[in-house]
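Numbering (the numbering used here), first residue to last: -12 to 857.
Glycine is no exception: its CB is placed at the ideal position from the N, C-alpha and C atoms.
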DNA sequence: GCAAGGTC
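Right, dumping it as C-alpha cells:
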C-alpha cells in the first residue's frame, strides 16, 4: 500500500468501553494528532477520532460502538399474536431480523459515519456472538455505503501491543461463525415460542394456579436453557424424595496420650449389616491392643484459586456472601462501569503473558487492610510471588476479572459493592501468591486384624491464605506415634448412623451443573436461574438452595411421562455441537436448521398429541379450574384460512367454554367475522381436503345431508365436521351460520349419546379414573396384596391397551384410591422408584419408596456387607 | 405475552 491521501475508516466495537479503550491505545502516538471525541446519535455510544498509519498508509479513524446485538429476530407480524396461528406453524412461519426501536439511534450513527468512509473495521468481541454482531453492523453500513472495504480486527485483550498488532494484521470477517449464531437464534425462537404458547394456553386456564393473585397473566415458558436448568433442580429434589435412610454401623477408636487425643477411623468405613459389624467389634474388644503399622509424614500444598471467571465470581459470591448470581452481576456491572474492576463477563481463567500483573499489585499497596500483603508480594525477599496458574479456559475476548483501579471504598458503595470489590482484589492477590504449605501425618493401627487410621495437619506457611480470608485449611494436630508402638485404646465403640440424602442444589451447585452441561453463557446463566424464580418454577431458601415448585415439578413430570428429555441438557448439548460444526464449516447452516427444526417439530406435534400427560401431572398438584369446562380444547386455535372480510388476520377454529365450535377471525374485536358451528358438532378438525362440490372455504354447508342432520335432527350421527382450510374463497354468510347454531340439547361430548348433557355424562364419572390408569380392558389377575397407599387389596392385572398390552400392573380395588403401579417398576424388596407411582395415578402420597405390606416372598435379600477394603 | 444472546 502506498502513501497518499488519507483513507477514512469507520471502526466499530461491541461496547462503548472497548471503543474508548482501543481508541486510547491507538491514539497514544503523537502522529495521531490527539484523541478527539464527539457525540453520536446515541447518548451512550460516543465517536472517537484520531489519525493512524497502517502499513505506510495514512488513515483518518472514526471509532464508535454498538451495545451488543444491533438486531433481533422475530416472527413476521401476522404470527406475533398468540392466537394468530397454531403454535406448530411457528416451525415454518417467516422470521425477520430487524433493528429494534431502542437501537435505531445507533443504526443512524453507523449509517451517517459509513457514508463518509471507505473502510469499515470491525472490533467486535472475538467470539461467535461477536462475529454475528459484526455482520449486523456490516448489513447496516453497506446499506448506506455499498463500496465499503470491510475488515476485521482480531484481538484478545486490551493491551497496547496486541491492539497495534491486530490493526496492522486485519483479516476478513468469518461468515461461518456468524452463521452458527443465526442458527441458534432461529432454533431458540421457534422452539421457545411454540412450546411456551402451547403449554401456557393449554394449562394456564385449566388449573387453579394459586401461587399468584394474577394467574391469568402467568406465562408457562419453555426455553432450551431455562428448562434444563429447572431439570437439574427437579432431579435433585426427586433424588432426595426417593432416598430411604438406611442404618449402618461403624467402629470408632480414640487414644488419649500426654500430647493429646487421636481419633482413629475404621478403614472399612461402615457396614450395613449389624451382625457382621457386631462380630468384628467383639473381636476387637476381646483383643484390643493396638499396634502402629505405619507412620507417614508428607508435605502437602494447598493451591490458590485460578484467576477469576464470571461463573467462579458468581459461585464464590453465593458461597461467601450468599449473594444471588443475578445480584452479583448487577453489582459487578456497577463496579465495572465505574472503572474499579475489569469486564465482568468472561470465561477466561488465565492471564495473558503480556499482562502487567505486578503493576496491578502495586496499585493495592496503599490499602489499609490488604496493602501490607501487596507490599510483601512485591518484595523479592519474601518469596511470596508466584506466576498464576491458569484453569485452561480462554474466551479470547476478555481477561480474567481483576481490579483495575485502587479503592479503599467509595461513598456511594453499598455493603455488597464493598464485599465484591474485596473479593475481586483478594482473589487476584491470592492468584499471584505461593500455595499454603502443610505437614500432614497419617498413622495406621491394627486391632485384632482390623485397620484404623488417623491423620493430622500442621500449617507450615499460610501464604495465599493470609489474604484469601474466605478459605481455610482445616486439620488438627495428632500426638507422635512410632512404627511398632503398641497401646490400649481409650475408647472402642460400635456406633450406628443412617445414610442421608444429598442436599438441595445450592446456587453454586446449579451454576456448576449448567457450566458442565453447557447451558447458557457466562453472561446469561444468572438470567436462566432468575427466570425459574420469576416463572414460579422454583424457589430459593435462605441457604441459597433451590426446590422446584409444584408447577415446576408438574411440568417436568409431564414431559418425562411423555418420554421426552426436553427437561434434560442433551438437546442444548446437541445444538451446541451442531453450532460448532457450522462454525467450523463441516455442516451447513441450512442443513443444521432443517434437521433440527424438523426433529423439534416432530417432537412438538407428538407432545401436543400427548398433552394428556401434562394434564395428568398438573392434576396431581392442582385443582382443575372452572374458568373453562373443556379447557384443553378451548385453547386450540387451528388456522382455517385468511379472513375474507378484513383480509388481514386468520380465521381460526376454536372451541368456546360452552363446548361449541366456532371459526372466528383473530382480528377480533377489530374484525367480527365469525361462523358458529352447530352445538351438535362434537369434534371439528381443520383438514387440507377440499370439498368437491364447491370452492375452498366451504365449512360443510354445501353438504345437504350434514346440514340437515346438524340443523334439524341435531343428533350428531355425523358428528365430525371437517373444516376446509387453506383456501381463499368466500366465507358463507355468518348470519345464516349463526342461525343454524343449535344451542339446545346436542350429543354428549363424552359418550356421544343424546339424552343428557356433557356435564352430567355418566361415562365421565367413572372415566375420571379410567383415563388415569391403563386398566381399560384389563383382565383381573389372581394375586392380592395390601395397597401401598390405603391398605385395601391390590390386584395384579394385565393391561390390554394398544401401547401396553400384556404389561402387568398392580391396582387398588378401592373406589376411593387411585393407586396403581406397573409391576416392572417395582424393584427388589418392593422398592418403587420415585414418580413411578404418582405420575399417572393420583396417589395422594406422591412419593415412591418401600411398598408397605409388600409380601415377604417377593423380597429378595441383598448382601450389603463390604469385605473388600483390604 | 414467548427464547437466548449481546449490552447500558
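CB contact flag (residue 318, residue 410, <7 Å):
Residue numbering aside, residue 318 sits at position 331 when the first chain is read from its first letter. Residue numbering aside, residue 410 sits at position 423 when the first chain is read from its first letter. Going by C-beta atoms, residue 318 is not nearer than 7 Å to residue 410.
Can you tell me the Cα-Cα spacing of residue 521 and residue 507, whole angstroms?
What you label residue 521 is simply residue 534 of the first chain in a count that begins at 1. What you label residue 507 is simply residue 520 of the first chain in a count that begins at 1. Residue 521 and residue 507: Cα-Cα distance of roughly 17 Å.
Quick one: grab the DSSP three-state call for residue 242.
Translated into positions along the first chain, residue 242 becomes position 255. Residue 242: strand per DSSP, three-state reduction.
Contact under 7 Å by Cβ, residue 294 with residue 387:
On the first chain, position 307 is the one that residue 294 refers to. On the first chain, position 400 is the one that residue 387 refers to. Contact flag set, yes.
Select from 269, 309, 18 the residue whose C-alpha is nearest the C-alpha of residue 532.
Along the first chain, one-based indexing puts residue 532 at 545. Nearest option by C-alpha distance: 309.
Backbone secondary structure at residue 473 - three-state DSSP
Start at 1 with the first residue of the first chain, and residue 473 comes out as number 486. In the structure shown, residue 473 sits in a strand (DSSP, three-state: E or B).
For the beta strand (DSSP E) containing residue 261, list its first residue and its last residue.
Residue 261 sits at position 274 when you count from the first residue of the first chain. Premise fails: residue 261 lies in the alpha helix (DSSP H), 261 to 273, not in any beta strand (DSSP E).
Use the C-beta contact count for residue 513: other C-beta atoms within 10 angstroms, 16 or more gives buried, fewer gives exposed.
Along the first chain, one-based indexing puts residue 513 at 526. Classification of residue 513: buried, given that the 10 Å Cβ count is 16 or more.
Could you check the C-alpha separation between residue 444 and residue 426 for me, to the nearest Å?
On the first chain, residue 444 is found 457 positions in, with the first residue counted as 1. On the first chain, residue 426 is found 439 positions in, with the first residue counted as 1. Their Cα atoms are separated by approximately 6 Å.
Below 7 Å between beta carbons: does that hold for residue 457 and residue 307?
For the purposes of this step, residue 457 is identified with residue 470 of the first chain, where counting begins at 1. For the purposes of this step, residue 307 is identified with residue 320 of the first chain, where counting begins at 1. It is a contact, given that the beta carbons lie within the stated cut-off.
How many angstroms separate the CA atom of residue 24 from the CA atom of residue 14?
By 1-based counting over the first chain, the position of residue 24 is 37. By 1-based counting over the first chain, the position of residue 14 is 27. C-alpha separation (whole angstroms): 12 Å.
6 Å CB neighbourhood of residue 527 in its chain, flanking five on each side removed:
Residue mapping note: residue 527 aligns to position 540 of the first chain, counting from 1. Closer than 6 Å at Cβ, skipping near neighbours: 533.
Can you name the start and end residues of the beta strand (DSSP E) that residue 445 belongs to?
To locate residue 445, count along the first chain from 1; it is residue 458. Its beta strand (DSSP E) spans residues 437 to 448.
List the whole-angstrom C-beta distance separating residue 82 from residue 115, where the pair is believed to meet the contact cut-off of C-beta under 8 Å.
For this step, residue 82 is matched to residue 95 along the first chain. For this step, residue 115 is matched to residue 128 along the first chain. Residue 82 to residue 115, Cβ: 19 Å. No contact.
In angstroms with no decimal places, state the Cα-to-Cα distance between residue 47 and residue 10.
As a first step, residue 47 is located in the first chain; it is residue number 60 there, counting from the start. As a first step, residue 10 is located in the first chain; it is residue number 23 there, counting from the start. In a straight line, the C-alpha of residue 47 is about 12 Å away from that of residue 10.
Extent of the continuous beta strand (DSSP E) to which residue 85 belongs
Locating residue 85 in the first chain gives position 98, counting from the first residue. Segment 82 to 85, the beta strand (DSSP E) holding residue 85.
Report the residue from 133, 461, 314 whose alpha carbon sits nearest the alpha carbon of residue 402.
Translated into positions along the first chain, residue 402 becomes position 415. Comparing Cα positions, the closest option is 314.
Please state whether the Cβ-Cβ distance between residue 361 and residue 348 is less than 7 Å.
Locating residue 361 in the first chain gives position 374, where the first residue counts as 1. Locating residue 348 in the first chain gives position 361, where the first residue counts as 1. Yes, Cβ-Cβ distance for residue 361 and residue 348 is below 7 Å.
DSSP three-state call for residue 2: helix, strand or coil?
Taking the first chain and counting its residues from 1, one reaches residue 2 at position 15. It is coil, neither helix nor strand.
Top-ranked residue by Cα proximity to residue 601, from 555, 557, 565, 547:
Within the first chain, residue 601 is the residue found at index 614, counting from 1. That would be 547, whose Cα lies nearest to the Cα of residue 601.
From 321, 376, 424, pick the residue whose C-alpha is nearest to that of residue 399; which is it?
Stepping through the first chain from its first residue, residue 399 is reached at position 412. Closest by alpha carbon: 321.
Considering only C-alpha positions, which residue in the set 209, 484, 597 is nearest to residue 558?
The residue given as residue 558 occupies position 571 in the first chain. Comparing Cα-Cα distances from residue 558 to each of 209, 484, 597, the minimum goes to 209.
I believe residue 454 touches residue 499 by the beta-carbon criterion, under 8 Å. Please report the beta-carbon distance rounded to the nearest angstrom.
The residue given as residue 454 occupies position 467 in the first chain. The residue given as residue 499 occupies position 512 in the first chain. Contact flag wrong, Cβ pair sits at about 25 Å.
Can at least three beta-carbon pairs, one atom from the segment 16 to 34 and one from the segment 57 to 77, be found at a separation below 8 Å?
no
Report all residues from its chain with a CB closer than 6 Å to the CB of residue 235; omit the five preceding and five following residues, and keep chain order.
On the first chain, residue 235 is found 248 positions in, with the first residue counted as 1. Correct list, in chain order: 257, 259, 484.
Supposed contact pair residue 352 and residue 390 - C-beta distance, whole angstroms, cut 8 Å:
Counted from its first residue, the first chain places residue 390 at position 403. Counted from its first residue, the first chain places residue 352 at position 365. Going by Cβ atoms, the distance from residue 390 to residue 352 rounds to 12 Å, so no, they are not a contact pair.
With three or more beta-carbon pairs closer than 8 Å as the criterion, would you say the segment 561 to 568 touches the segment 244 to 253?
no
Using a Cβ-Cβ cut-off of 6 Å (strictly less than) and excluding sequence neighbours within five positions of residue 69, which residues of its own chain qualify?
The residue given as residue 69 occupies position 82 in the first chain. So the list reads 184, once near-sequence residues are dropped.
Strand pairing of residue -3, partner residues [DSSP]:
The residue given as residue -3 occupies position 10 in the first chain. DSSP output for residue -3 lists 49, 107 as bridge partner(s).
Helix, strand or coil at residue 214 [DSSP, three-state]:
Here residue 214 corresponds to residue number 227 of the first chain, with the count starting at 1. Note: residue 214 maps to helix in three-state DSSP.
Mind checking whether residue 124 and residue 576 have CB atoms under 7 Å apart?
Working through the first chain from its first residue, we reach residue 124 at position 137. Working through the first chain from its first residue, we reach residue 576 at position 589. No. Outside cutoff.
Name the residue from 404, 141, 461 whose alpha carbon lies nearest to the alpha carbon of residue 325.
Taking the first chain and counting its residues from 1, the one referred to as residue 325 is at position 338. Per the Cα distances, 404.
Extent of the continuous alpha helix (DSSP H) to which residue 527 belongs:
Your numbering for residue 527 matches position 540 in the first chain. Not the alpha helix (DSSP H): residue 527 falls in the beta strand (DSSP E), residues 525 to 527.
So residue 182 and residue 554 are supposed to be a Cβ contact under 8 Å. How far apart are they, rounded?
By 1-based counting over the first chain, the position of residue 182 is 195. By 1-based counting over the first chain, the position of residue 554 is 567. Actually they do not touch by this definition, with Cβ atoms about 11 Å apart.
Residue interval of the beta strand (DSSP E) (run including residue 483):
The residue labelled residue 483 in the question sits at position 496 within the first chain. Counting along the chain, the beta strand (DSSP E) containing residue 483 begins and ends at 478 to 485.
According to DSSP, residue 372 sits in a beta bridge with which residue or residues?
Mapped onto the first chain, residue 372 falls at position 385. Residue 372 is bridged to 420.
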